[in-house]
Amino acid sequence: MTPDNRIAELKKQTAEMLEISESDLEKVNMSDITGYDSMGKINVSLIIEELFEYEIDFDTLDSAEKFSDICNIIVAKG
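Taking the numbering used here, the leading residue of the sequence shown gets 1, the next gets one more, and so forth.
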């Protein structure tokens, strides 16, 4: 799976898990998403680990204002 495909799959799975549309996921602040609580962050981290074989720490997830911030961190890690 290419990096772009993995990012697309991350968006799809994250949106489904948070019960939000993919387009809304790209627009809203992560802190404004009801399901993005401590359990939501654990689930997002598990999705990232599964797709990218990369463990993201919770401080990083806490600091991400937008979904694109999470994606940028993952891309920067290679």
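Glycine is no exception: its CB is placed at the ideal position from the N, C-alpha and C atoms.
DSSP places GLU16 inside the alpha helix (DSSP H), whose first and last residues are 3-18. VAL44 counts as buried, since at least 16 other C-beta atoms from the protein chains shown sit within 10 angstroms of its C-beta. Counting only residues of its own chain and dropping the five nearest sequence neighbours on each side, MET30 has a CB closer than 7 Å to the CB of TYR36, ALA64, GLU65, LYS66 and PHE67. A Cβ-Cβ distance of about 6 Å is found for the pair ILE20 and ILE33, placing them in contact under the 8 Å criterion. Under the 10 Å beta carbon count, LYS11 is surrounded by 16 or more other beta carbons and is classified as buried.
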